[in-house]
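>
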């Protein structure tokens, strides 16, 4: 199986109040130098035949149409026609996605868009620190359809500060009515270092759970398959790039903060945009961290990633020997179930998955 290719675009117009990703506002002047650094990074990629492409961020759609075309051209030069890939995804935010940029992506062969909506309510969007409005999103979505994109994901967040169940369900029903092919629905996480964390915001976990339970019910009723903890797709529209990641597939990451998994080694590039550019210009490696997991640690990671998929993980003799006691404990507690020769999260386990995952991450409890 060929690896996936991930490209990180770290630029944003404004940093959201909940975001702890490696994205930065006010650095747009560095985009030309960053694209030149990406060209050097791509030339040094350990593999040139890839299965999928995912351009994420940050906000890839913050690039101008000409800059997007430059990015696509350099990727095509190193990895072959984007149009030949089974799946190619570009993330976009509504306020910066224009018909001209959509035309560039479509002409280069991108097959999938992932739109950062988060909410259909303008007050909630302002609370989140989003730049766009509901009207901006609807315009962008309609423009994407008009450009010929027939595989669109929409991101939605549940459990916003002060959000009622009724308000969230209005968002969900509004999105369902748009008939996207894929939905990613996340419960809000308050991460250290974000404005929400600094303001002492605490999520109502019970209410958030009700929202996510209702999400599952309504999306199943609307014909979606719940195939990963936070992801729902119409039949045949599961995200191939991300599914390969959850199945422990290899991937190559280019750009600042981008991660790679290649030949058993995990690597991560420097987070700083300026340092990434400097290293590439100097002919230095952008990698700041690397590890090679083996033995029980590697096996545990495979199980943990695989359990994110509702299809579950095949229970091999090796897994049984290493984690049999933990698995039986979680089955007894109702968080895992064994069907034939697979272990899967139960419906309850979907909401308490981190309790399960801890069993598969070092340090392990001594027998």
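In my numbering, the protein residues as written are 207 to 573. Heads up, the beta-carbon is just placed ideally off N, CA and C, and yes, glycines get one too. Only a predicted model underlies this, so the values are computations on that prediction, with no experimental measurement involved.
Is the stretch 305 to 322 touching the stretch 362 to 372, taking contact as three or more C-beta pairs under 8 Å?
Output reads no: the stretch 362 to 372 does not touch the stretch 305 to 322.
> If you draw a straight line from the C-alpha of residue 544 to the C-alpha of residue 523, how long is it?
Whole-angstrom Cα-Cα distance: 14 Å.
> Where residue 637 and residue 255 are concerned, what is the direct C-alpha to C-alpha distance, given to the nearest angstrom?
The displayed coordinates of the chain run from 207 to 573. Any statement about residue 637 would go beyond what the structure contains.
> My understanding is that residue 468 touches residue 209, with C-beta atoms under 8 Å, so please give their C-beta distance in whole angstroms.
Confirmed, about 7 Å.
> Does the stretch 428 to 438 touch the stretch 400 to 413, meaning 3 or more C-beta pairs lie closer than 8 Å?
The answer is no - the stretch 428 to 438 does not touch the stretch 400 to 413, with fewer than three Cβ pairs under 8 Å.
> Return helix, strand or coil for residue 391, following the three-state DSSP convention.
Of the three classes helix, strand and coil, the one that applies to residue 391 here is strand, per DSSP.
> Once you ignore the five residues that flank residue 275 on each side, which residues in its own chain have a CB closer than 7 Å to its CB?
Around residue 275: 310.
> What are the start and end residues of each continuous beta strand (DSSP E) run of 3 or more residues lying completely inside the stretch 346 to 378, in chain order?
List check, beta strand (DSSP E) in window: 358 to 364.
> For the 8 Å Cβ check, are there 3 or more pairs between the stretch 452 to 463 and the stretch 297 to 312?
The answer is no - the stretch 297 to 312 does not touch the stretch 452 to 463, with fewer than three Cβ pairs under 8 Å.
> Mapping the DSSP letters down to three states, classify residue 329 as helix, strand or coil.
Looking at residue 329 - three-state DSSP - the assignment turns out to be helix.
> When the distance is taken between beta carbons, is residue 262 closer than 9 Å to residue 288?
No.
> Note down the Cα distance separating residue 501 from residue 410, rounded to an integer number of angstroms.
Going by the C-alpha atoms only, they are around 39 Å apart.
> Taking the straight line between their C-alpha atoms, what separation do you get for residue 559 and residue 463?
Rounded to the nearest angstrom, the two C-alpha atoms are 26 Å apart.
> Taking residue 505 as the reference, which of 484, 528, 497 and 396 has the closest Cα?
Looking at the Cα atoms, 528 is the closest of the given residues.
> Between the stretch 477 to 486 and the stretch 241 to 249, can you find at least three pairs of beta-carbon atoms closer than 8 Å?
Contact holds: three or more Cβ-Cβ distances are below 8 Å.
> Where does residue 466 sit, in a helix, a strand or coil, going by DSSP?
In this structure, residue 466 counts as strand in the three-state DSSP scheme.
> Secondary structure at residue 474, three-state DSSP: helix, strand or coil?
Strand at residue 474.
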